[in-house]
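Residue numbers (the working numbering), protein chains in the order written: chain G, 2 to 352; chain F, 2 to 352; chain D, 2 to 637; chain H, 2 to 637.
Accompanying notes for the structure given below.
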Amino acid sequence: MTETLPMAGANIQVNLAGLSKNDYRGNPSTLCQGCGHNSISSQIVSAMYEMDVVPESVVKFSGIGCSSKSPTYFLNRSFGFNSLHGRMPSVATGALFADHAIKGIGVSGDGDTASIGMGQFKHIMRRNANMLYIIENNGVYGLTKGQFSATAEEGLNLKKQGTNPYMPVDICMEALASNATFVARSFAGDPKQVKELLKAAMAHRGIAILDIISPCVTFNNQENAYHSYAWGKDHEEPLHEISYVAPRNEIILEEAMKEGEVREVTMHDGSIVILKNLDKGYDPTNRFEALRALEEAQRNNWLLTGLIYVDTDKPALTDIYNLVDTPLNRLTEVDLRPAPETINKVNALMF
Amino acid sequence: MTETLPMAGANIQVNLAGLSKNDYRGNPSTLCQGCGHNSISSQIVSAMYEMDVVPESVVKFSGIGCSSKSPTYFLNRSFGFNSLHGRMPSVATGALFADHAIKGIGVSGDGDTASIGMGQFKHIMRRNANMLYIIENNGVYGLTKGQFSATAEEGLNLKKQGTNPYMPVDICMEALASNATFVARSFAGDPKQVKELLKAAMAHRGIAILDIISPCVTFNNQENAYHSYAWGKDHEEPLHEISYVAPRNEIILEEAMKEGEVREVTMHDGSIVILKNLDKGYDPTNRFEALRALEEAQRNNWLLTGLIYVDTDKPALTDIYNLVDTPLNRLTEVDLRPAPETINKVNALMF
Amino acid sequence: MVNKIINDFSITVGTVNGSGSSTANTTILRALFKMGIPVSGKNLFPSNIQGLPTWYTIRVNKDGFIARREEQEIVVAMNPTSFARDLASVRPGGAFFYADDIKQPITRTDVMTYAMPVKALVRKDQTIPSDFRDLVGNMVYVGALAQMIGIDLDAIKKALEFHFKGKQKPIDMNFNTVVAGAEWAKTNLEKKDPYFVEPMNKTTDLIMADGNTAAAIGSIYGGVQFAAWYPITPASSLAEALNDYLPQLRKREDGKHTYAVVQAEDELAAIGMTVGAGWSGLRAMTSTSGPGLSLMTEFAGMAYFAEVPIVVWDVQRIGPSTGLPTRTSQGDLTFVNFMGHGDTQQIMLLPGSADECFEFGWRAFDIAEHMQAPVFVLSDLDMGMNQWMCKPFQYPDRPMDRGKILWEKDLDELKGSWARYLDKDGDGIAYRTVPGNRHPMSSYFTRGTGHDENARYSEEAPVWAHNMDRLKRKFETAKKFVPAPAIYKTKGATIGIIAYGSTEAAINEARFQLEIEHGLKSDYLRVRAVPFTDEVKKFVESHDQLYVVEMNRDGQLHQLLTIEYPEAAQKLKSIALGDGMPASARWVREGILEAEKKNVKKSVKVSSPKKKAVKKSAASRKSAKPSPKSKKGAKK
Amino acid sequence: MVNKIINDFSITVGTVNGSGSSTANTTILRALFKMGIPVSGKNLFPSNIQGLPTWYTIRVNKDGFIARREEQEIVVAMNPTSFARDLASVRPGGAFFYADDIKQPITRTDVMTYAMPVKALVRKDQTIPSDFRDLVGNMVYVGALAQMIGIDLDAIKKALEFHFKGKQKPIDMNFNTVVAGAEWAKTNLEKKDPYFVEPMNKTTDLIMADGNTAAAIGSIYGGVQFAAWYPITPASSLAEALNDYLPQLRKREDGKHTYAVVQAEDELAAIGMTVGAGWSGLRAMTSTSGPGLSLMTEFAGMAYFAEVPIVVWDVQRIGPSTGLPTRTSQGDLTFVNFMGHGDTQQIMLLPGSADECFEFGWRAFDIAEHMQAPVFVLSDLDMGMNQWMCKPFQYPDRPMDRGKILWEKDLDELKGSWARYLDKDGDGIAYRTVPGNRHPMSSYFTRGTGHDENARYSEEAPVWAHNMDRLKRKFETAKKFVPAPAIYKTKGATIGIIAYGSTEAAINEARFQLEIEHGLKSDYLRVRAVPFTDEVKKFVESHDQLYVVEMNRDGQLHQLLTIEYPEAAQKLKSIALGDGMPASARWVREGILEAEKKNVKKSVKVSSPKKKAVKKSAASRKSAKPSPKSKKGAKK
Ligand SMILES: Cc1ncc(C[n+]2csc(CCOP(=O)(O)OP(=O)(O)O)c2C)c(N)n1
Ligand SMILES: Cc1ncc(C[n+]2csc(CCOP(=O)(O)OP(=O)(O)O)c2C)c(N)n1
Ligand code: SF4
Ligand code: SF4
Ligand SMILES: [Mg+2]
Ligand SMILES: [Mg+2]
């Protein structure tokens, strides 16, 4: 450490990592005023600060888009890779092998993930890479000025774009179909829930899909539009509240849930997510329930939010590969180059 | 017509299209003996013959793979486009705009569709292009000698490949998530059902996804493997039988179904698919039921076959575009080039 | 007061992105155009939707030189963030207009400054709804500027009427503000700078258009039937213009459509759909830019090999990679030339003006269908998105060329005997059929794999080589069908200049300056297509000293010319600069002069001289070269 | 009987794909190798899994010339489908062995024919399970051949022992059949052809390897840590060899892994993962062929621009498009050189033998990490999948070069002050950090967009140009680190030959023939990397007549050399043929002789002479040129 650091001064409040909230901020946003993406960035800052995350143990990823610019607006002290449009998953998958102690935080858009990125999105879920994957979902391509994305509702009418003729992609339904181990949805207009879900997702080991409806104030904000504030406010149907408690002893979820019951899901790091069940005994560990709830929401055009599904048992990608304890990218020639004597054995095999 | 044609001779049996079964055949297969793909090709020949399809009104598409070679083995009199690996959907989508009277028949593989082709597969379903989309699903990349594809079960062990560490893609679940309007699954070892489903799919206007488990005798045929004959035979649980009846008066499906009831779904062309319900009042027009059935099958590792879901109300892609009656590719300069006088109006706008 | 300088200066307006200043700026541009004065307008905007600084530069030039110029005689500052930079950018003796609510020090004494009470004036006008004030506020500088340099208010009115399609309310609201601004300026400002405009007659029979709109309309006159695209700057407005103009220009009684425009999920799908449509007989196109183009590589190679006619518009932005989405370039030439693994030769068209974008819009389809090959049209951001003075669009001078295509009756005549890849006519171009043809002998199987003349799969070496040689022969044939270069001669010219695309304006101005100020006369050939036609060969042969001028780092056209004309390799010299800015006469002139000085071969291209050129133009772009900063700096 | 011809002929075995003849063929190959006779084995197989004809050719040559040869002196026919073709392919005076259950007419009298009772002999041996009969049946022709040309049975036994890793049961089962075949031949066949083998000592200190295995093992000695791939012929066996050898060569006590090999969902993901891993400090690679390479274009451009070290193996097959997946080529050179939109210069390594595949396997990582750039290694199907005699693999002669990378302690020393894209050392290579570095000043933001020296986004023109010029400077620096060419001189040489990759054997043989039979002496330079090093420049300068020989249609290396050395453009002549077959001495020789005859510039490259060459080699490939067939034909 050197004095040139933007570290917390004497009488600034710091967290258990010894850092001030400032140490979690990024550059000033260059997004539109009132863009849903901005409030998400600030919730990321708060969540990381409150979770005492060490910025250097996190790596930021994104694709291309307004949403994908966000990583510049938080965690300046973390490495970041603003990759190619729709290709964040593959870059993150490779990068996370370098140091299995690192957690990935990816921010993508609905175009970046559900249009051009559909293939890689589906396959990173199959592999259960250890990262928090946020989709800032506004139903349009913001950065290219408002064309429909793959999550725009069928029949949605935008001034410049006309009517969207195709069926929308439901990010959470896709995540379930691909056996993602953590599937949640929130709404940028509900910062409290966003933050809670961010914390839960960070504590999950494996892929955590967080679909956040994030209105594009500039190009997709008419009253009738699914991704607009207006829409969200009326139709939002909170599924269950979540409040985060720092690591304690594990508690395993039992079967059925009763009305109003409080339920805890234990994460791999031992930390706990407390679920307050609002409706019909919803059990987020029941994949079938999740499909039902989403299907029902789709039929009724509801905006279902909350922790929809979680499976804490599947090993994360790098765990499957049984890697050495030292981060791979700190291994040296001694570990990596076979000994000189081996070359003769090899040549003996060449016949 | 000229005498050089491979047309039916005097005393050869012909169908209503005046063609003999030979007119529906293709070149000799160059696939392995006993490859599931071959039996599918012959069922396609039979189905087309029995449906009196005019070969010239069908266009064949495929990607790359053993399965994607199949279009050379049926319907020699139809145009065919053996496109790029994973890109059949986009090529078909564009080609089908040329003549809306044409039906597309696509043959792809699980690698071609669920690995490299996942993105285009998902998006052609959103658009409801008017084609029969067959996935010859064997869980491996046959043509490149047996590596795991994205539909290989997690933990599957193949001699040369080791153990598959990733979650499998369920083609039918993906189709439902993407709001495909016809979703069915069969097993190449059950030619009768394959043929019936082929007919039903041909009669459907819009995208018809037909996931056919088609064992790769060469690379994926151990007893324990999901895609092998052995496995299919034990675990197969037929959902309902289908038998095809030539066009009659439409009958619309009512709500609930009772045990053993016979139920008919009317296709856009007026032809009818008769469903014989085998189990628990299954209703293929109920998307929620479909999700449930698939989820249940996944949990129990069942091979669920039959017509899983159908929606006859959604317009096919080319219908949405309100095209002229003449096939677009027969329009001439008169229709396509604005009149000379218009150019001045245009120039007047350039200021 | 110094003597007037009339119709020869540049105006730059600095505003905040998303503040709606474009209406104001195009209004000024149009008014000047209406006054008969040659003008050009260039938008220098950030890759951002709202909030960052953006600039619009209008060049006024009585001699018709409308290329970008480094100097700014008049600067209007509406954005506090860029105020200092804007002030610094005014040429000594120039004029600096600014909104008086920006409270920042005026640090220069060598420029005339005019403060404008923008907010005050707008608030005065009760008829303007409060949420419209910022928008309409821009009209204040239009008025002040009009008053101070002499823009005709009628011309402005006409511009507004056109802009608002005759809708009275917005026209009045804006025009009143213009007038208010003008009147306020008249009574409160004293003209101290020498810059004035006066009416001329140099724009009669000319139009104003951007290349993307021109390309879209040209494609419509070319009978486009299918377009698949995926949004990307700076190409999006081309596809969007198709959506705007197709309904008008292809309207029918029955209200049905003779075309389909599909927004694909990405560029792989966009070109895939286009290949499918082109294969099945539709006039099919897609439009994209750098990153999207790279994704189209596999299909580009297949279209070449399977001989599928498609048109691909590449509106170039500067790369590699995502690069600068809102900066221009001519950097995709060598990439497209070799696009696709294996031996590939792609046909390229290189439009040099908005009206040529229109012309190539329809011609590209004729060439693609005649050659049964993909045709890449390389435009760029500057040509595609900025407003250009140009000749009116000319109605196509020839009927559509649908190429060698066989329908039912043709096959009947042939008794159904034909072969898809047989070179019947010796020009390398075979006959094709398309799906929907109901003749029982019409069908064939299309593939990206090796095939014989009957489209059957074949692994035989001679069959492969035979087919590839035919494709090469076909590429030779293309030389007869692609547009010939534009050639401009000067009596007694000692050098030849070869260039292409949007650099035309800068090169013409540079040639004029070189002749007048340096007595260096030049001939000029503007390449309009690859493969190069015989005219290019002759031009190369007939000059001893050739400068290839282009907006990229590596001298890409120079590389292609070297490959094509090895015997001339030594006299071909590269003047190449790629920094995202439209070409200016200055760097063309300086590049050539430096090269003329040290007549060492290729010296210009690779090293120091060129880098100097970069720095110079850099400097001239009024922004310091970046100096190493500490990481800490990076974090602030 | 005619005089013996010893150790100088070719054997071709025609079988059915999937019938398991490869064991038999490699057994023959290994036995001959064990006998000390120079050999090569080439598999000519279809893009199919089972049922189509496939051929295996073994060349025996006492002088060590092991390139493909058009003539077949001995042919073994095991496949009814290709029987006639196989019979026709025997050189007059040659020998024709065939399974006697193939009942087809022997139409030639100018070859010696030997019928073998394959099925009968196998059925006789009760110890062979019925379902193994077809497989083991192949050993009958091994035995017969051994007996008739004199292959040492001990050598065959050793080959089988190696093949079956000492497992006695299969060894015996197969060897007994070999013996049975040999004995039957001894008693029943009369030797009438002149072809024999005799032991030599020319293979001592040599090994037998295929390029893909060599590349994989080389990569392991280079410390590969991450490999992502997607299956594609002919590259799959490279990644699969990583899976085979990594567990052995990088075994650890704790059984944990120091590497990860990921089978990606496609090539976009494969290179994306590789870029992620390379960026984060792992030695990362991917391997593919044509179609996959095209899909990697966008990431290739980004890796160049964002300066991410990765290694990409391109095992070339013939394209464009899907082309012929099982035929070889050198057709990706120009594509890779310009790979990616915008100004891009890619580093390429061009191995010329299996042991060089091993060497470049580890060197590629050193170069990639030193240059902080993607490195493309262009091998091909012939080198990658066929068995080659070569020098033993040499243990790396230098420690790993991890390049300019800063860890915590380095940053402490620097007091955290550094800049990612600052050219501190003037070689164009800046310093980098990687994720996982816990120093609070270690991080930076990587992007494919324009950036300043601190990795901050910038749209400033001079910042862009400054960075691009540094990248060009960096590419110049690469010339000092890439492998120098291999140069072979001949006293009194009048011409220079330039080539690369797997054509080496054919070129050496052709040079020998040209000197002996035509008195034409040549120097030979084998390019091993792009950018070209000074040695290439000197070689070009020091020869007046240069022939660039390569296996593609357009003369791609010739094009790159022309761009690099315009002053030499006129003396560079292209000898190019791409038809999917490995180079043979004949077409190299004939190409050069024809070019020598008509010393018109470039005449060889473009037109008729070259086409003639094609036809000739075509003819020599014993398959008629295809003639137009009616569509009807197509349908049968
Ligand atoms: C290959 C490629 N194609 C197209 C683009 C242009 N582009 C940039 S952002 C974007 C869409 C972004 O939409 P989304 O992911 O929803 O992000 P948002 O801006 O809406 O937050 C597109 C199409 C690109 N950069 N790269
Ligand atoms: C872009 C690209 N990558 C890889 C390949 C090589 N390849 C050919 S077929 C195939 C897999 C086919 O698997 P699947 O679709 O399941 O068909 P199957 O052979 O199993 O029937 C692959 C990877 C290719 N042709 N193109
Ligand atoms: S355009 Fe939309 S998505 Fe982009 S920054 Fe503005 S509000 Fe956000
Ligand atoms: S390899 Fe498998 S998929 Fe391919 S043809 Fe043979 S059996 Fe069928
Ligand atoms: Mg979006
Ligand atoms: Mg498969």
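Every residue gets a Cβ at the ideal spot worked out from N, C-alpha and C, and that includes glycine.
Any residues in the region 215-234 of chain D with a beta carbon nearer than 8 Å to a beta carbon of chain G? Which ones, in chain order?
Tyr231, Pro232, Ile233 and Thr234
Contacts that D:Lys203 makes with chain F (C-beta to C-beta distance below 7 Å)
Residue 203 of chain D sits at position 202 when you count from the first residue of the third sequence. Those within 7 Å of D:Lys203 in chain F number zero; the least Cβ separation is about 15 Å.
Does the beta carbon of H:Gln373 sit closer than 9 Å to a beta carbon anywhere in chain G?
For the purposes of this step, residue 373 of chain H is identified with residue 372 of the fourth sequence, where counting begins at 1. No - not a single Cβ of chain G is within 9 Å of the one on H:Gln373.
Buried or exposed, going by whether 16 or more other CB atoms sit within 10 Å of the CB of G:Gln14?
The residue labelled residue 14 of chain G in the question sits at position 13 within the first sequence. Its Cβ having fewer than 16 others within 10 Å, G:Gln14 is exposed.
Whole-angstrom distance between H:Gln148 and H:Thr13, CA atom to CA atom:
One-based indexing of the fourth sequence puts residue 13 of chain H at position 12. One-based indexing of the fourth sequence puts residue 148 of chain H at position 147. Answer to the nearest angstrom: the Cα atoms are 17 Å apart.
What first and last residue would you give for the alpha helix (DSSP H) that runs through D:Thr298?
The residue given as residue 298 of chain D occupies position 297 in the third sequence. Here the alpha helix (DSSP H) through D:Thr298 covers Thr298 to Ala307.
Could you tell me the alpha carbon to alpha carbon distance between H:Phe422 and H:Gly451, rounded to whole angstroms?
As a working mapping, residue 422 of chain H is identified with position 421 in the fourth sequence. As a working mapping, residue 451 of chain H is identified with position 450 in the fourth sequence. According to the sequence as given, residue 422 of chain H is Tyr; it is not Phe. Looking at the two C-alpha atoms, the distance is approximately 11 Å.
Any chance you could list the residues with Cβ under 5 Å from a heavy atom of ligand 3, keeping chain order?
G:Leu32, G:Cys33, G:Cys36, G:Cys67, G:Gly143, G:Cys217, G:Val218, G:Thr219 and D:Ile50
What does a CB cutoff of less than 7 Å around H:Leu30 pick up in its chain, not counting 5 residues either side in sequence?
On the fourth sequence, residue 30 of chain H is found 29 positions in, with the first residue counted as 1. Excluding positions up to five away in sequence, the list reads Val40, Gly42, Ile59 and Gln388.
DSSP on D:Asp580, reduced to helix/strand/coil?
Position 579 of the third sequence holds residue 580 of chain D. Coil at D:Asp580, not helix or strand.
Please decide whether G:His124 counts as near chain F, where near means a Cβ-Cβ distance under 9 Å.
As a first step, residue 124 of chain G is located in the first sequence; it is residue number 123 there, counting from the start. Chain F contact via Cβ: present.
Classify F:Gln162: buried if its beta carbon has 16 or more other beta carbons within 10 angstroms, exposed otherwise.
As a position in the second sequence, residue 162 of chain F is number 161, starting the count at 1. Buried, by the Cβ-count rule.
Between the alpha carbons of F:Phe149 and F:Ile172, how many angstroms are there, rounded?
Working through the second sequence from its first residue, we reach residue 149 of chain F at position 148. Working through the second sequence from its first residue, we reach residue 172 of chain F at position 171. Their backbone Cα atoms lie some 15 Å apart in a straight line.
Whose C-alpha, out of H:Phe361, H:Leu594, H:Val376 and H:Leu573, is nearest the C-alpha of H:Thr345?
The residue given as residue 345 of chain H occupies position 344 in the fourth sequence. The shortest C-alpha separation from H:Thr345 is found at H:Val376.
Using the C-alpha atoms, what's the distance from G:His124 back to G:Ala176?
Looking up residue 176 of chain G in the first sequence gives position 175. Looking up residue 124 of chain G in the first sequence gives position 123. Computed Cα separation, rounded: 10 Å.
Report the partner residues of G:Arg186 according to the DSSP bridge assignment.
Taking the first residue of the first sequence as 1, we reach residue 186 of chain G at position 185. DSSP lists G:Asp212 and G:Gly307 as partners of G:Arg186.
Collapsed DSSP secondary structure at H:Thr58 in the structure displayed
The residue labelled residue 58 of chain H in the question sits at position 57 within the fourth sequence. H:Thr58 falls in the strand class under three-state DSSP.
Whole angstroms are fine: how far does the CA of D:Gly52 sit from the CA of D:Gly21?
One-based indexing of the third sequence puts residue 21 of chain D at position 20. One-based indexing of the third sequence puts residue 52 of chain D at position 51. Going from the Cα of D:Gly21 to the Cα of D:Gly52 covers about 11 Å.
Can you tell me whether D:His519 is buried or exposed, with buried defined as 16 or more other CB within 10 angstroms of its CB?
Here residue 519 of chain D is taken as the residue at index 518 of the third sequence, counted from 1. The residue in question, D:His519, is exposed, as its Cβ has fewer than 16 Cβ neighbours within 10 Å.
Measuring alpha carbon to alpha carbon, tell me which residue in H:Asp102, H:Asp87 and H:Arg109 is nearest H:Gly94.
Counting from one through the fourth sequence, the residue named residue 94 of chain H turns up at place 93. If we check each option's Cα against that of H:Gly94, H:Arg109 comes out closest.
Bridge partners - H:His258, DSSP secondary structure assignment
As a position in the fourth sequence, residue 258 of chain H is number 257, starting the count at 1. BP columns for H:His258 point to G:Leu324.
With 9 Å set as the bound, which would you pick, yes or no: does the beta-carbon of D:Ser48 sit closer than that to a beta-carbon of chain C?
The structure shown contains no chain C; its protein chains are G, F, D and H.
Tell me whether H:Glu461 is buried or exposed, calling it buried when 16 or more other Cβ atoms sit within 10 Å of its Cβ.
One-based indexing of the fourth sequence puts residue 461 of chain H at position 460. With 16 or more Cβ atoms within 10 Å of its Cβ, H:Glu461 is classed as buried.
I need the straight-line Cα distance from F:Glu334 to H:Ser238, nearest angstrom please.
One-based indexing of the second sequence puts residue 334 of chain F at position 333. One-based indexing of the fourth sequence puts residue 238 of chain H at position 237. So the alpha carbons of these two residues sit roughly 53 Å apart.
For D:Met286 versus D:Phe227, is the C-beta distance shorter than 9 Å?
Within the third sequence, numbered from 1, the residue matching residue 286 of chain D stands at position 285. Within the third sequence, numbered from 1, the residue matching residue 227 of chain D stands at position 226. Cβ atoms of D:Met286 and D:Phe227: closer than 9 Å.
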